[in-house]
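See below for the structure under consideration.
4 protein chains.
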Amino acid sequence: MYPKFSSLEPEKKENIINAAIKEFARSGYDRASTNEIVKEANIAKGSLFSYFHSKKELYVFLLNYIVEFIDKIYDELDWNETDIFQRLKEIAVIKFKIYRKFPRAFDFLKALAQENAPEVKSEIDNRMKKAVLDNGSARIYRNIDVTKFRDDIDIQKAINIIHWTALSFAEQQSNNINSYEDSDVEQLREWDNYLDLMKRCFYKKEENA
Amino acid sequence: MYPKFSSLEPEKKENIINAAIKEFARSGYDRASTNEIVKEANIAKGSLFSYFHSKKELYVFLLNYIVEFIDKIYDELDWNETDIFQRLKEIAVIKFKIYRKFPRAFDFLKALAQENAPEVKSEIDNRMKKAVLDNGSARIYRNIDVTKFRDDIDIQKAINIIHWTALSFAEQQSNNINSYEDSDVEQLREWDNYLDLMKRCFYKKEENA
Amino acid sequence: MYPKFSSLEPEKKENIINAAIKEFARSGYDRASTNEIVKEANIAKGSLFSYFHSKKELYVFLLNYIVEFIDKIYDELDWNETDIFQRLKEIAVIKFKIYRKFPRAFDFLKALAQENAPEVKSEIDNRMKKAVLDNGSARIYRNIDVTKFRDDIDIQKAINIIHWTALSFAEQQSNNINSYEDSDVEQLREWDNYLDLMKRCFYKKEENA
Amino acid sequence: MYPKFSSLEPEKKENIINAAIKEFARSGYDRASTNEIVKEANIAKGSLFSYFHSKKELYVFLLNYIVEFIDKIYDELDWNETDIFQRLKEIAVIKFKIYRKFPRAFDFLKALAQENAPEVKSEIDNRMKKAVLDNGSARIYRNIDVTKFRDDIDIQKAINIIHWTALSFAEQQSNNINSYEDSDVEQLREWDNYLDLMKRCFYKKEENA
DNA sequence: TATGAATGAGTCTTCATTCAT
DNA sequence: GATGAATGAAGACTCATTCAT
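Protein chains in written order, with full-length UniProt numbering: chain A, 1 to 209; chain B, 1 to 209; chain C, 1 to 209; chain D, 1 to 209.
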């Protein structure tokens, strides 16, 4: 895949990736300008199209690149932790780590989720089915100890509710642009509150003892 | 407002509205092609721009048209019902009514929420502040009897979770394109299950007796 | 010529003529909008094009209409006056009369002279060859007593210089927008000075005695 | 300024300049068609807009280009010559030089002076204030020996008459399209006659001795 | 006859993609 | 391989002219 691009100097590759992420995140697939990307990356127009044969190919490459990058970081998680709420607590911490290291990645992912351009819509959907950020069957929810849930509820539905809450909360928070320093801490505390609430409601009484 | 368009024959108006909704829903504001719209609506290029003076005006018209259309249907709701789950049950029924009468409306609304084009972004935000479809403080959640909720949870957070679940479930379902007849019934039954689950978990024991 | 238009009520005709003159004078042939004209004249678009089959026909009609209108006023001149400078003095007075009565006419004529649109350029040139405003062979310079000119100069050339001076002076003055009351008087006095200068230079000594 | 255009091959540049001058001179700013220009210049639509970012930029470029071109040629004039008629004789020769090298330039300048389009009106006015082609106070009439004029006339008025005669004569000649070879010579001789006439009339007797 | 909505060729401008150097 | 100028289809929008009512 992308042999010409792969054999470039790492620094040049990074320049191109950063320039492209920046532009796609800012403008979405349609509006993103390849002119802007080559200018930012300091390469020739023709070069970009020799590495990636089309705007679409470049976009799909970035999509995979970022998803893999995030997947790698998720490997740090303690996958032996079987409590779903504990795991989601850790995930929140990890997300902040990614964010601090690579803030544009999430911008791109957010733009991804809102992408309407038909050329890339299906690619996104395909890729996302396997991704960490997708629905309840993803690896985030593997090896969860389901015995802790109340017996009178459908566990898969409960997990879906938890998942949707996590996604919606994250989106809500990212829409509040907070520049002050300790916003992380506050957001994490708020998220803990949501997790506690759900734990109290969805787990058996004795689990909340 | 839009006097020329308003005085068109209803069928022609509907053609144009449907063609425009279809195109905007498929491609978003920017990429949507007025050429495509006039072709689909079977009118001349000049006609579209005599009804609406710009692409933006057409978009804003649709935005208001659909929001008002949905608002009107929402008036059918029994707003004296104070049980949140009962109300969401009724809302689900109403949504299906809208969907059957005007299937593209929700597609457009979904695209709306994801719209990034700066030309229309602020229009969307302004209009949506008053809309039914907005966040948990909207009229859907007015007059809710909060005394039914368990005393040990934050009620606003619980309502948020319920709201996010409703939105996410609806989106999930609309992504499953079901053409067979009775899918409504099945989807409503599934939604009832979610509501029951949340009721059982978030309400006081005696409310579920 | 223009039978449909001719048989209209005089008031309606005048409305249309005034509206058209105004628009053509303001914007030139190309930019002039038939929409603007019908709006100002309070008639339907289709009517305009049934009176005049095209924008061009309307323009040519106006051209002839105004030239004839001005020709008629020129009939007031004392054509027995054979002194060229005396005649030009009277013409200046008459021009102010026309201007006061029908200010748009000169605007239109000025726009005429600057018209570039190829559709009407040749029409203008043709018409103007016969017109009062054109070159030295026009009726303004008929019956002039050429014996007053110095014997050592080419009289036709002298007349051309006088003519060009008249045209250029008029244009210069009309470019100075003077709203204060007595600008007429001042402009006429200045013009007299030019006439005196040329008389002193182009006539025999004894004529200036 | 216009770096992309500047670095084109001279022949290509000339093609574009000629095509653009031709079209603007023929139709004025508004009606001039960029389609026509690219067709005539044998370049792609996109190319024109990569050299000049808009129709207006192209127009302003031409405006400056031609004015500078003419200014440069005017530098050849013997500015120590203080006799106004001698100077105007030399200027006529120079104008023919320009005309032979760059025949469309004067057409463009003529159209320029008549241009009404608001997009470029102010640009034209700004540029023309400094230009050689402007009114009687321009450098053409600097350093003129006014003592040669008759004492009994207003010198500024006399200069105005001379200036207006020069402009009007030039316009009259350029309207007579003469393709036969020796028309220059004839036109220059005719112009000399005009100059002689005015010299004889406006100068003191002893200057004509 | 009068109307004005409908028409569609034409306007300037953009930008992903190609290809000669 | 790298370059970036050249391409031209497609974009939104205008307006003189036509024609069904």
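Positions of the beta carbon are idealized from the N, C-alpha and C atoms, including for glycine.
Just so we're clear, the structure is a prediction, and the values are computed from it rather than from any experiment.
By the 10 Å Cβ neighbour count, where 16 or more other Cβ atoms means buried, how is residue i classified, buried or exposed?
i, result
"Val93 of chain B", "exposed"
"His163 of chain D", "buried"
"Ala19 of chain C", "buried"
"Gln187 of chain A", "buried"
"Val185 of chain B", "exposed"
"Lys95 of chain C", "buried"
"Gly46 of chain C", "exposed"
"Ser6 of chain A", "exposed"
"Lys39 of chain A", "exposed"
"Trp79 of chain C", "exposed"
"Glu115 of chain D", "buried"
"Leu133 of chain A", "Confidence is the limiting factor: at Leu133 of chain A the pLDDT is only 49, short of 50, which leaves the residue's position unreliable and the question unanswerable from this model."
"Asn35 of chain A", "exposed"
"Thr165 of chain C", "buried"
"Met198 of chain D", "buried"
"Asp154 of chain A", "exposed"
"Ala158 of chain B", "buried"
"Arg104 of chain B", "buried"
"Arg31 of chain D", "buried"
"Asn160 of chain B", "buried"
"Ser137 of chain B", "The pLDDT assigned to Ser137 of chain B is 46, lower than 50, so where the model puts this residue is not dependable; a value taken from the coordinates is nonetheless given after this. Flag for Ser137 of chain B reads exposed."
At a CB-CB cut-off below 7 Å, which residues of chain C make contact with residue i?
i, result
"Leu197 of chain D", "Ile153, Asp154, Lys157, Ala158"
"Asp83 of chain D", "Residues of chain C passing the Cβ test: none, with the nearest at roughly 18 Å."
Measuring CB to CB, does residue i end up less than 7 Å from residue j?
i, j, result
"Arg127 of chain C", "Leu88 of chain C", "no"
"Ile21 of chain A", "Phe108 of chain A", "yes"
"Thr82 of chain D", "Asp151 of chain D", "no"
"Ile43 of chain B", "Glu23 of chain B", "no"
"Phe169 of chain A", "Phe202 of chain A", "no"
"Ala41 of chain A", "Ala111 of chain A", "no"
"Phe85 of chain B", "Leu167 of chain B", "no"
"Tyr29 of chain D", "Ala113 of chain D", "no"
"Ile98 of chain A", "Ile73 of chain A", "yes"
"Val120 of chain C", "Tyr65 of chain C", "no"
"Lys4 of chain C", "Ser54 of chain C", "no"
"Arg200 of chain A", "Asn193 of chain A", "no"
"Tyr2 of chain C", "Phe69 of chain C", "no"
"residue 210 of chain A", "Glu90 of chain A", "Outside the displayed span of chain A (1 to 209) sits residue 210 of chain A, for which this structure offers no information."
Note down, in chain order, every chain B residue with its Cβ under 8 Å from the Cβ of residue i.
i, result
"Ile161 of chain A", "Ile161, Thr165, Tyr194, Leu197, Met198"
"Ser54 of chain A", "The premise fails here: Ser54 of chain A is roughly 16 Å from chain B at the closest Cβ pair, so nothing lies under 8 Å."
For residue i, return the contacting residues in chain C, with the cut-off set at a CB-CB distance below 8 Å.
i, result
"Phe202 of chain D", "Cys201"
Can you tell me which residues form a DSSP beta bridge with residue i?
i, result
"Phe149 of chain B", "B:Tyr203"
Under 7 Å Cβ-Cβ, which residues of chain A neighbour residue i?
i, result
"Ala111 of chain B", "Asn116"
Check the Cβ of residue i against every Cβ in chain D and list those closer than 8 Å, keeping chain order.
i, result
"Arg31 of chain C", "Asp30, Asn116, Ala117"
Using a C-beta to C-beta distance shorter than 9 Å, which residues of chain B count as neighbours of residue i?
i, result
"Ser168 of chain A", "Asn160, Ile161, His163, Trp164, Thr165, Leu167, Ser168"
Along chain A, in chain order, which residues have C-beta atoms closer than 9 Å to that of residue i?
i, result
"Ser27 of chain B", "Asp30, Asn116, Ala117, Pro118"
Tell me the start and end of each unbroken alpha helix (DSSP H) in the segment 54-137 of chain D that is at least 4 residues and wholly inside, in chain order.
55-74, 84-101, 104-113, 118-129
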